[in-house]
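Each step along the sequence shown adds one to the number in full-length UniProt numbering, with nothing skipped, and position 32 is 32.
All C-beta atoms in this analysis are idealised placements derived from N, C-alpha and C, irrespective of residue type, glycine included.
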Amino acid sequence: MDFWSYFWLLVWWFFFVAYLMVLFQIFGDLFRDDELGGFAKALWVLALIFANIISALVYLIVRGKGMAARTMKRNAEMVSAQEDYIRSVAAPSSGSSGVEQLAQAKALLDSGAITPEEFAAIKAKALA
(Lines of atoms letter the chains of each structure in order from A; the text may use other names.)
(Lines give C-alpha, C1' and ligand atoms only; values in the text may rest on other atoms or scores of the structure.)
Protein backbone atom coordinates (compact mmCIF):
# COMPACT_ATOMS: atom_id res chain seq x y z
CA MET A 1 0.00 0.00 0.00
CA ASP A 2 1.19 3.48 -0.76
CA PHE A 3 1.02 6.57 1.41
CA TRP A 4 -2.38 7.75 0.20
CA SER A 5 -3.97 4.38 0.86
CA TYR A 6 -2.77 4.53 4.46
CA PHE A 7 -3.88 8.14 4.73
CA TRP A 8 -7.44 7.39 3.56
CA LEU A 9 -7.57 4.29 5.72
CA LEU A 10 -6.67 6.47 8.70
CA VAL A 11 -9.31 9.05 7.75
CA TRP A 12 -12.04 6.41 7.42
CA TRP A 13 -11.05 4.81 10.73
CA PHE A 14 -11.30 8.23 12.38
CA PHE A 15 -14.82 8.74 11.02
CA PHE A 16 -15.82 5.23 12.05
CA VAL A 17 -14.60 5.73 15.63
CA ALA A 18 -16.28 9.15 15.77
CA TYR A 19 -19.53 7.57 14.55
CA LEU A 20 -19.28 4.85 17.22
CA MET A 21 -18.75 7.49 19.92
CA VAL A 22 -21.83 9.41 18.74
CA LEU A 23 -23.82 6.18 18.57
CA PHE A 24 -22.91 5.25 22.16
CA GLN A 25 -23.87 8.74 23.32
CA ILE A 26 -27.21 8.43 21.55
CA PHE A 27 -27.95 5.00 23.03
CA GLY A 28 -26.98 6.23 26.50
CA ASP A 29 -29.25 9.26 26.18
CA LEU A 30 -32.04 7.18 24.68
CA PHE A 31 -32.17 4.73 27.56
CA ARG A 32 -31.68 7.38 30.27
CA ASP A 33 -34.58 9.51 29.01
CA ASP A 34 -37.60 9.04 31.30
CA GLU A 35 -39.95 11.09 29.14
CA LEU A 36 -39.65 8.86 26.07
CA GLY A 37 -41.84 5.74 26.03
CA GLY A 38 -40.69 2.20 25.38
CA PHE A 39 -42.25 2.01 21.91
CA ALA A 40 -40.49 5.21 20.81
CA LYS A 41 -37.20 3.91 22.20
CA ALA A 42 -37.63 0.68 20.24
CA LEU A 43 -38.33 2.64 17.05
CA TRP A 44 -35.21 4.77 17.56
CA VAL A 45 -33.10 1.65 18.15
CA LEU A 46 -34.43 0.01 14.98
CA ALA A 47 -33.83 3.19 13.02
CA LEU A 48 -30.28 3.43 14.39
CA ILE A 49 -29.61 -0.18 13.42
CA PHE A 50 -31.09 -0.14 9.90
CA ALA A 51 -30.58 3.47 8.79
CA ASN A 52 -27.38 4.21 10.64
CA ILE A 53 -25.98 7.60 9.78
CA ILE A 54 -29.26 9.22 8.68
CA SER A 55 -31.11 8.29 11.88
CA ALA A 56 -28.15 9.35 14.02
CA LEU A 57 -28.14 12.77 12.37
CA VAL A 58 -31.93 13.05 12.71
CA TYR A 59 -31.70 12.11 16.40
CA LEU A 60 -29.01 14.73 17.02
CA ILE A 61 -31.02 17.41 15.20
CA VAL A 62 -34.41 16.58 16.73
CA ARG A 63 -33.36 15.67 20.27
CA GLY A 64 -29.93 17.31 20.53
CA LYS A 65 -30.99 20.20 22.76
CA GLY A 66 -32.76 17.87 25.17
CA MET A 67 -29.79 15.51 25.05
CA ALA A 68 -27.48 18.31 26.18
CA ALA A 69 -29.89 19.37 28.93
CA ARG A 70 -30.21 15.80 30.25
CA THR A 71 -26.43 15.39 30.23
CA MET A 72 -25.91 18.66 32.11
CA LYS A 73 -28.60 17.72 34.65
CA ARG A 74 -27.02 14.28 35.17
CA ASN A 75 -23.55 15.80 35.60
CA ALA A 76 -24.89 18.35 38.13
CA GLU A 77 -26.56 15.54 40.09
CA MET A 78 -23.31 13.57 40.10
CA VAL A 79 -21.32 16.57 41.34
CA SER A 80 -23.90 17.25 44.04
CA ALA A 81 -23.84 13.62 45.18
CA GLN A 82 -20.04 13.65 45.24
CA GLU A 83 -19.94 16.85 47.29
CA ASP A 84 -22.51 15.44 49.74
CA TYR A 85 -20.44 12.28 50.11
CA ILE A 86 -17.24 14.24 50.68
CA ARG A 87 -18.95 16.39 53.30
CA SER A 88 -20.32 13.33 55.09
CA VAL A 89 -16.94 11.61 55.15
CA ALA A 90 -14.85 14.68 55.98
CA ALA A 91 -17.10 16.02 58.74
CA PRO A 92 -16.09 14.99 62.25
CA SER A 93 -18.54 12.72 63.98
CA SER A 94 -21.22 14.78 65.71
CA GLY A 95 -21.08 12.66 68.88
CA SER A 96 -17.44 13.38 69.69
CA SER A 97 -16.75 16.32 71.93
CA GLY A 98 -13.48 18.20 72.28
CA VAL A 99 -12.52 16.04 75.26
CA GLU A 100 -13.06 12.84 73.26
CA GLN A 101 -11.02 14.23 70.38
CA LEU A 102 -8.21 15.12 72.78
CA ALA A 103 -8.32 11.63 74.31
CA GLN A 104 -8.12 10.04 70.86
CA ALA A 105 -5.29 12.37 69.86
CA LYS A 106 -3.41 11.59 73.10
CA ALA A 107 -3.77 7.87 72.42
CA LEU A 108 -2.41 8.39 68.92
CA LEU A 109 0.48 10.45 70.31
CA ASP A 110 1.31 7.77 72.88
CA SER A 111 1.28 5.05 70.23
CA GLY A 112 3.60 7.12 68.02
CA ALA A 113 1.09 7.46 65.18
CA ILE A 114 1.26 11.28 65.27
CA THR A 115 3.96 13.77 66.17
CA PRO A 116 3.77 16.27 69.04
CA GLU A 117 3.24 19.06 66.50
CA GLU A 118 0.24 17.25 65.03
CA PHE A 119 -1.09 16.66 68.54
CA ALA A 120 -0.77 20.39 69.29
CA ALA A 121 -2.68 21.22 66.09
CA ILE A 122 -5.45 18.75 66.98
CA LYS A 123 -5.56 20.15 70.53
CA ALA A 124 -5.87 23.72 69.26
CA LYS A 125 -8.63 22.71 66.85
CA ALA A 126 -10.53 20.73 69.51
CA LEU A 127 -10.37 23.54 72.06
CA ALA A 128 -11.33 26.23 69.56
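| Item | Value |
| --- | --- |
| Nearest residue (CA-CA) to Ala-47, options Asp-110, Met-67 and Ile-26 | Ile-26 |
| Contacts around Leu-20, its chain only, beta-carbon distance under 7 Å, and the 5 residues preceding and following it disregarded | none |
| Beta-carbon spacing of Leu-30, Trp-44 below 7 Å | yes |
| Spatial neighbours of Pro-116 in its chain, beta-carbon cut-off 8 Å, leaving aside the 5 residues before and after | Leu-109 |
| CB contact check: Thr-71 to chain C, cutoff 7 Å | Absent from the structure is chain C; it holds one protein chain and no more. |
| Assigned secondary structure, Thr-115 (DSSP; H/G/I helix, E/B strand, else coil) | coil |
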